[in-house]
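Residue numbers (my numbering): 1 to 442. Where is the CB? At the ideal position from N, CA and C, for every residue including glycine. Accompanying notes for the structure given below.
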Amino acid sequence: MHDISIDFRYGTFAGVPRPQEPSRIWRKNWQLSEKEAAEHRTVFWTSIDKSGAKIIGCCPEKAAKYVAFGSYVGGWKANKRHGYGTRRSFAVGSRYDGEWNEGMRHGEGTQWVRCKNGKGVRKCYAGSWVNDRREGFGTGCYEDGSVYKGNWVKDHREGEGTMFYANGDIYRGQWRQGKRSGFGTLVVGRTGDLYEGQWLNDKKEGPGRYYYRSRRKVMVGEWADDMCSAGSVSAYEDDLELNIPTLRLEGADDLVEGKLEEIRADRFLFRVLNTPLADLFDSADLDRIRGSHEAAVSNSHDGTISLLSLKALLLVLFGIQFVAEELWELCVTVGAITPDEAQRAFLLTESELEKIPESSLPNDNEEVIERVVDDLVDDDDDESKEQREQVAYRYFTMPVDAFTLDRFARIVSLVTGRLGPGALDGIDVDSDADVDEHTDVG
Numbered sequence: 001m002h003d004i005s006i007d008f009r010y011g012t013f014a015g016v017p018r019p020q021e022p023s024r025i026w027r028k029n030w031q032l033s034e035k036e037a038a039e040h041r042t043v044f045w046t047s048i049d050k051s052g053a054k055i056i057g058c059c060p061e062k063a064a065k066y067v068a069f070g071s072y073v074g075g076w077k078a079n080k081r082h083g084y085g086t087r088r089s090f091a092v093g094s095r096y097d098g099e100w101n102e103g104m105r106h107g108e109g110t111q112w113v114r115c116k117n118g119k120g121v122r123k124c125y126a127g128s129w130v131n132d133r134r135e136g137f138g139t140g141c142y143e144d145g146s147v148y149k150g151n152w153v154k155d156h157r158e159g160e161g162t163m164f165y166a167n168g169d170i171y172r173g174q175w176r177q178g179k180r181s182g183f184g185t186l187v188v189g190r191t192g193d194l195y196e197g198q199w200l201n202d203k204k205e206g207p208g209r210y211y212y213r214s215r216r217k218v219m220v221g222e223w224a225d226d227m228c229s230a231g232s233v234s235a236y237e238d239d240l241e242l243n244i245p246t247l248r249l250e251g252a253d254d255l256v257e258g259k260l261e262e263i264r265a266d267r268f269l270f271r272v273l274n275t276p277l278a279d280l281f282d283s284a285d286l287d288r289i290r291g292s293h294e295a296a297v298s299n300s301h302d303g304t305i306s307l308l309s310l311k312a313l314l315l316v317l318f319g320i321q322f323v324a325e326e327l328w329e330l331c332v333t334v335g336a337i338t339p340d341e342a343q344r345a346f347l348l349t350e351s352e353l354e355k356i357p358e359s360s361l362p363n364d365n366e367e368v369i370e371r372v373v374d375d376l377v378d379d380d381d382d383e384s385k386e387q388r389e390q391v392a393y394r395y396f397t398m399p400v401d402a403f404t405l406d407r408f409a410r411i412v413s414l415v416t417g418r419l420g421p422g423a424l425d426g427i428d429v430d431s432d433a434d435v436d437e438h439t440d441v442g
């Protein structure tokens, strides 16, 4: 029988016992595997068998054999990396120096990775970690030489931060999911020009102003898909680092103003569907929307959401009653259901409405004349609308999983017709108010 003690001096076998191995070695190794100390000798992860057990050794002379795994030196608790320690991965060439908590990077630490050219390692991230992810304030260093300093959430640049690009550009402002989104300022390193305004998904989107340093001109206008679609250009006298004027069009003629409104209208839907919720609503409005959404989902007993529930939610928020087709169109717009599903529900509704029961047919000429007059006065009376609503709501439903908070919030934004914090300001939320149930929303 092969004596594994020759291969694994001071080593441990952490896993299920193997009958063919000497019991004395197993007992010794099992005790060593239950590590509980502030410091410990280097541990090499050598292999993992089919049962998932790890064979661990402390034999530096055979380090080349363990190249597919790695090593760890540092604190342990309950057989997990805990406290301060250094973890190296020989296969990918990475290294982490910092704090651990129950086997995960947690606290302050620095991650190093192998350079793409294979020569040496470079610092990848230094800062705060939470549950093995970059979270909190930290500095990210990139292969091309760019450096980001700011806030992180779940491994993404999120919140306020500054990016120093390798080409000399500097961006200071808001980030969402690793992209420039929200208000931010970009200084172009090559020219010294400066853009200040709104961003969405790494592109200029919304109101903004661009300062041409060499020309001493400023262009103020509306940006769409990283381009200025309309605006006015004027001279500026103050230095860029001093008092930058507030964002407004001073002295712009009616033509420019009209063009700006046209662009805002054209881009409104795109911005509603792509702007992060944190930028669409302030925290108070988002809490109200979240509460309404949770109530609707919790009341679902068959895994579906009726359009009647959505109608009630919007009535509470806005005091307006929508017809089924309007609600279904909103759901299609935000992606809760497909256009084909909407068309199918519409056709089913129309098909059932065409089946008029005999009891509803007129019995004499006087009733026929009365109905004709009613049709001439109002070809869609309250009774027919009510009947249509009752039929439509039987077919207009969606799965609970499709009715997400994100989609419901974007429906609210579409209804308000506003972007940004305070979208629900001034909305009458009294659900008992006397409301015209046939109010249309443009």
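Checklist entry - How long is the line joining the alpha carbons of R216 and N201, rounded to whole angstroms? => result R216 and N201: Cα-Cα distance of roughly 29 Å.
Next on the checklist: According to DSSP, E108 sits in a beta bridge with which residue or residues?
Outcome noted: S128, per the DSSP bridge assignment.
Next on the checklist: Out of V415, G192, R157, D193, which one is the CA nearest neighbour of L330?
Outcome noted: Nearest of V415, G192, R157, D193 to L330, Cα basis: V415.
Item to check | Own chain, CB closer than 7 Å to R460, minus 5 neighbours either side, in chain order | outcome: In the structure as shown, the chain begins at 1 and stops at 442. Residue 460 is therefore absent and cannot be evaluated.
Next on the checklist: On the DSSP letters alone, give me the boundaries of the alpha helix (DSSP H) that I289 sits inside.
Outcome noted: The continuous alpha helix (DSSP H) containing I289 extends over residues 283 to 298.
Next on the checklist: I'd like the span of the beta strand (DSSP E) that includes T449, first residue to last.
Outcome noted: With the chain covering only 1 through 442, there is no way to say anything about residue 449.
Next on the checklist: Given this structure, state the Cα-to-Cα distance separating D406 from L314, to the nearest angstrom.
Outcome noted: Distance from the CA of D406 to the CA of L314, rounded to the nearest whole angstrom, comes to 15 Å.
Next on the checklist: Just to confirm, is the Cβ distance from T139 to K154 under 9 Å?
Outcome noted: Judged by their CB atoms, T139 and K154 are not nearer to each other than the 9 Å cut-off.
Checklist entry - Thinking C-alpha only, which one of T191, L269, R213, T185 is nearest A224? => result Checked all of T191, L269, R213, T185; the closest Cα to A224 is L269.
Next on the checklist: Tell me which residue opens and which closes the beta strand (DSSP E) that V218 is part of.
Outcome noted: Counting along the chain, the beta strand (DSSP E) containing V218 begins and ends at 217 to 224.
Checklist entry - Contact check, W199 vs G173 under 8 Å by CB: the rounded distance? => result That belief holds up - the Cβ atoms of W199 and G173 are roughly 7 Å apart, short of 8 Å.
Next on the checklist: By the three-class DSSP mapping on this structure, what secondary structure does F137 have?
Outcome noted: Three-state result, F137: strand.
Checklist entry - Taking buried to mean at least 16 other C-beta atoms within 10 Å of its own C-beta, is N151 buried or exposed? => result Under this definition N151 is a buried residue.
Next on the checklist: For S309, report the span of its alpha helix (DSSP H) as first-last.
Outcome noted: Segment 307 to 318, the alpha helix (DSSP H) holding S309.
Checklist entry - Are the CB atoms of E99 and E108 nearer to each other than 9 Å? => result Yes, the pair counts as a contact, with Cβ atoms nearer than the cut-off.
Checklist entry - For the putative contact between Y84 and G75, defined by C-beta atoms under 8 Å, what is the C-beta separation to the nearest angstrom? => result Contact holds; Cβ gap of about 6 Å.
Checklist entry - When the Cα atoms are used, what is the spatial distance from G93 to V113? => result Taking the CA atoms as reference points, G93 sits about 6 Å from V113.
Item to check | Spatial distance of A166 from F346 (CA atoms) | outcome: Cα-Cα distance, rounded: 55 Å.
Checklist entry - When we look at the beta-carbon of A295 and count the other beta-carbons within 10 Å, is it buried (16 or more) or exposed? => result Exposed, since its Cβ has fewer than 16 Cβ neighbours within 10 Å.
Checklist entry - When you compare only the Cα positions, how much space is there between D226 and G208? => result In a straight line, the C-alpha of D226 is about 11 Å away from that of G208.
Next on the checklist: Tell me the DSSP secondary structure of N79 in three-state form.
Outcome noted: Three-state DSSP puts N79 in coil, outside helix and strand.
Next on the checklist: Let's test the definition: count the other Cβ atoms within 10 Å of the Cβ of C115 and tell me whether it reaches 16, buried, or not, exposed.
Outcome noted: Its Cβ having fewer than 16 others within 10 Å, C115 is exposed.
Item to check | R267 versus I305 - alpha carbon distance | outcome: If you take the alpha carbons of R267 and I305, they lie about 30 Å apart.
Next on the checklist: For G136 and S128, I'd like the C-alpha separation in whole angstroms.
Outcome noted: The straight-line gap from Cα to Cα measures roughly 5 Å.
Next on the checklist: Rounded to the nearest angstrom, what separates R18 and G335 at their Cα positions?
Outcome noted: Bear in mind that a pLDDT of 39 at R18, under 50, signals an unreliable position, so the model cannot answer this.
Item to check | Rounded straight-line distance, which links the Cα of S292 to that of V323 | outcome: C-alpha separation (whole angstroms): 19 Å.
Item to check | Simplified DSSP assignment, three categories, for S232 | outcome: Reduced to three states, the DSSP call for S232 is strand.
Next on the checklist: My assumption, with CB atoms under 8 Å, is that S300 sits in contact with V400. Please give the rounded CB distance.
Outcome noted: Sure, about 5 Å apart at Cβ, within 8 Å.
Checklist entry - Cβ atoms of E196 and Q177: under 9 Å apart, would you say? => result Contact flag unset, no.
Next on the checklist: Only counting the same chain, and skipping five residues up and downstream in sequence, which positions put a Cβ closer than 7 Å to that of K203?
Outcome noted: Within the same chain, Cβ atoms closer than 7 Å to the Cβ of K203 are found at D225, D226, the five residues on either side in sequence being excluded.
Checklist entry - What is the DSSP secondary structure of E102, counted as helix, strand or coil? => result Three-state result, E102: coil.
Checklist entry - Count the other CB atoms within 10 Å of the CB of A284; is the residue buried (16 or more) or exposed (fewer)? => result Counting Cβ neighbours within 10 Å, A284 comes out exposed, since fewer than 16 surround it.
Checklist entry - Among all the DSSP beta bridges, which residues are the ones paired with E410? => result Reading off the sequence, residue 410 comes out as Arg, not Glu. The partner list for R410 (beta bridge, DSSP) is empty, contrary to what the question assumes.
Next on the checklist: Could you compute how far the alpha carbon of R460 sits from the alpha carbon of M104?
Outcome noted: Outside the modelled stretch of the chain, which goes from 1 to 442, sits residue 460, for which no answer is possible.
Item to check | Given S413 as reference, the closest of V332, I289, L307 once Cα atoms are compared | outcome: Considering only alpha carbons, the answer is I289.
Checklist entry - So is S181 buried or exposed if we call it buried at 16+ other beta carbons inside 10 Å? => result Looking at its Cβ environment, which holds 16 or more other Cβ atoms inside 10 Å, S181 is buried.
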